[in-house]
Ligand SMILES: [Mn+2]
Ligand SMILES: [Mn+2]
């Protein structure tokens with residue numbers, strides 16, 4: 001484990017830096033990568049970003065301040081990636097074993113990098129990037145502020161999740177002072193829904209089932225729903241938080257059918273239930289409030305196993 | 001207009017203080033009143049709160065730190081009240097002309113009090129109360145922190161509205177440090193939906209129709225839906241904003257069937273469309289973003305007339 005100082009020190013000495021995002025990229029991995037990339041470029045270094053998955057258009061603005069540069073990387077940095085598995089192909093095969101520095105906030109971080117700068121107390125990897133950029137004496141300009149604000153607001157559900165700390169608010173204050181347009185970003189991230197998203201919400205709400213005195217709610221996301229609504233990954237993101245939002249529900253389970261025949265489970269829990277503990281029983285992980293795991297079975301079988309495990313915790 | 005310092009000075013010299021909230025009380029007026037009341041009681045003063053309307057149970061926790069005291073008031077303070085009209089009866093008649101101090105953040109404040117401490121830059125009246133309590137050297141304890149945090153988060157839509165400033169985040173940081181349970185409060189205020197609400201959302205989303213190149217979306221709320229889900233007025237509140245949240249939609253129309261055979265229309269518009277102008281054609285009104293009108297016809301006939309009027313504006 002390295003400190004923020006050591007991470008900054010490594011970056012200060014590095015050049016031709018490739019920054020990797022995790023698959024199914026979210027606001028935090030993309031905000032971290034774009035803020036860091038622009039910051040390094042401002043220091044006169046060459047830097048670029050790679051992600052194994054396509055990036056949905058709503059995140060386009062993050063790349064506004066990033067210069068497109070092509071080079072053979074001499075240093076590889078992973079941001080917001082807990083495990084090399086999450087790099088996704090082709091980048092996992094290409095770079096998975098060569099990560100020089102990982103900057104992350106997942107408590108489940110596997111320590112796969114040569115240097116791991118991991119702080120589970122940070123609500124978002126963007127909080128750590130904010131510190132590292134300051135240590136590198138990079139001026140936080142409006143573009144960087146927008147990127148970092150995006151990661152913080154998306155990973156905290158607009159300052160709503162349990163991971164928010166006084167520091168989260170103080171960094172947000174600094175970023176807004178540096179020009180981050182929090183209002184526009186939050187509207188874009190949280191208030192605008194595509195037609196496909198509306199269709200998915202409607203279909204998903206039809207599948208809600210309650211268990212254990214209504215303390216557990218389960219939803220299903222099938223391939224057919226995704227096909228018939230034309231939903232993209234961006235449209236599916238966040239559906240998993242629907243069941244936990246229901247009054248009295250302590251554990252929300254989202255089951256998602258995958259094209260390869262597996263079933264991906266996203267768990268959302270309220271204290272005192274720990275979602276990560278439950279998913280750990282199936283080789284998964286995450287945070288206390290949100291965690292995930294994968295089953296090589298049908299959705300119905302995955303649901304049965306999850307419910308049995310949840311029963312022990314509730 | 002008096003400064004925060006002068007407001008604190010007045011309160012320091014006062015005793016037997018009655019604090020008034022506005023009618024239809026929200027998190028800011030109640031959070032301001034309860035934080036101020038507890039703060040004054042901690043200084044050894046007698047203080048009590050009055051509101052013309054009943055307070056819904058979800059705000060009960062705000063009163064946990066307030067001692068019930070009865071006395072004939074010698075000083076009257078209004079919090080978050082822009083106009084004496086908004087005090088509501090009976091308190092408006094009893095106290096409307098005797099307000100010694102008003103602490104508020106509405107730009108429209110009418111200056112009805114003997115001393116008006118109004119700061120339209122504050123996102124919530126609770127921001128001003130935070131400063132006044134600090135000036136009075138009241139220690140912000142966990143209960144006061146919860147009250148002030150509640151007003152700030154409810155008046156900013158959980159840090160989402162345009163009124164949020166760096167100072168808003170910094171005060172939130174301080175309050176969380178003093179023990180405010182932001183996560184629980186935000187979940188309670190924003191994230192918790194009743195099963196009836198979930199049922200209504202699902203049913204309403206099934207009714208969405210798009211018109212005029214998907215720039216207009218219409219939803220319907222029928223008596224049957226309300227009956228079959230068991231929805232209360234609280235569960236129906238806010239459904240009207242669903243259609244406008246859809247990507248590309250400029251005008252969202254919500255048609256609601258009423259027991260007396262009329263049809264209530266709620267319109268939500270994005271610039272440059274003015275919802276109030278459209279509703280004015282049918283004797284209704286409101287703001288540019290949100291307006292309403294009523295039809296003495298079936299929902300289908302109301303929809304037809306609305307669409308014809310909207311066509312002229314789009
Ligand atoms: Mn993250
Ligand atoms: Mn207010």
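Chains as they are written, first to last, in my numbering: chain A, 1 to 314; chain B, 1 to 314. Backbone N, C-alpha and C define an ideal beta-carbon position, used for all residues, glycine too.
Against chain B, the CB of residue 205(A) has a partner CB under 8 Å away; the residue lies at that interface. Not one heavy atom of ligand 2 is found less than 7 Å from the C-beta of residue 174(A). 175, 176, 177, 182, 183, 184, 186, 187, 190, 191, 192: these are the residues of the segment 175-192 of chain B whose beta carbon lies less than 9 Å from some beta carbon of chain A, given in chain order. Listed in chain order, the positions of the segment 156-168 of chain A with a beta carbon within less than 9 Å of a beta carbon of chain B are 157, 158, 159, 160, 161, 162, 163, 164, 165, 166, 167, 168.
With the criterion CB distance below 6 Å from any heavy atom of ligand 2, the matching residues run 28(B), 80(B), 105(B), 124(B), 125(B), 155(B) along the chain. Taking 7 Å as the upper bound on Cβ-Cβ separation, chain A lies near residues 245, 246, 247 of the segment 237-259 of chain B. Rounded to the nearest whole angstrom, the C-alpha separation of residue 37(B) and residue 21(B) is 12 Å.
Below the 7 Å Cβ cutoff, chain B contributes 247 as neighbours of residue 194(A), in chain order. Under the 8 Å criterion on CB atoms, residue 201(A) is classed as interfacial with respect to chain B. Using a Cβ-Cβ distance cut-off of 8 Å, the segment 205-220 of chain A and the segment 172-187 of chain A are not in contact, since fewer than three pairs of beta carbons, one from each stretch, lie closer than that value. Residue 27(B) and residue 61(B) have their C-alpha atoms spaced approximately 11 Å apart. Ranked by Cα distance from residue 50(A), the first of 288(A), 233(A), 68(A), 284(A) is 68(A). Between residue 246(A) and residue 193(B), the C-beta gap is smaller than 8 Å, which places the two residues in contact. Between residue 295(A) and residue 302(A), the beta carbon gap of about 4 Å places them in contact (Cβ cut-off 8 Å). Residue 161(A) has its alpha-carbon roughly 27 Å from the corresponding atom of residue 205(B). The residues 56, 58, in chain order, have a CB closer than 7 Å to that of residue 234(A) in the same chain once the five nearest residues on each side in sequence are set aside.
Here residue 63(B) carries a helix assignment [DSSP, helix/strand/coil]. Against chain A, the beta carbon of residue 270(B) has no neighbour under 9 Å; the closest one sits roughly 10 Å away. Boundaries of the beta strand (DSSP E) harbouring residue 265(A): 263-269, taken from the DSSP string. Per the Cβ contact rule, the segment 73-81 of chain A is in contact with the segment 10-17 of chain A (3 or more Cβ pairs under 8 Å).
For residue 173(A), the nearest CB of chain B lies under 8 Å from its own CB, placing it at the interface with that chain. Each residue's CA atom was taken as its position, placing residue 212(A) and residue 266(A) some 18 Å apart.
When DSSP states are grouped into helix, strand and coil, residue 247(B) belongs to the coil group. By the neighbour-count criterion, in which a residue is buried when 16 or more other Cβ atoms sit within 10 angstroms of its Cβ, residue 85(B) is exposed.
Residue contact with chain B for residue 221(A): absent (no Cβ-Cβ distance below 8 Å to any residue of chain B).
Remark: three or more beta-carbon pairs, one from each stretch, lie closer than 8 Å, so the segment 124-134 of chain A and the segment 144-156 of chain A are flagged as touching.
Residue 5(A) sits away from residue 133(A), with the two beta carbons spaced by 8 Å or more. Under the three-state reduction of DSSP output, residue 157(A) falls in the coil class, being neither helix nor strand. DSSP places residue 144(A) in the helix class (H, G or I) of the three-state scheme. Taking 8 Å as the CB threshold, residue 46(A) stays off the interface with chain B. Residue 200(A) is positioned such that its CB atom lies no closer than 8 Å to that of residue 255(A). At a cut-off of 8 Å between C-beta atoms, residue 198(B) counts as an interface residue with respect to chain A. About 5 Å separates the beta carbon of residue 101(B) from that of residue 115(B), a gap short enough to meet the 8 Å contact definition. When 8 Å is used as the limit between beta carbons, residue 208(A) is near these residues of chain B: 198, in chain order.
The Cβ neighbour count for residue 225(B), taken over all protein chains shown within 10 Å, is at least 16; the residue is labelled buried. DSSP places residue 35(B) in the helix class (H, G or I) of the three-state scheme.
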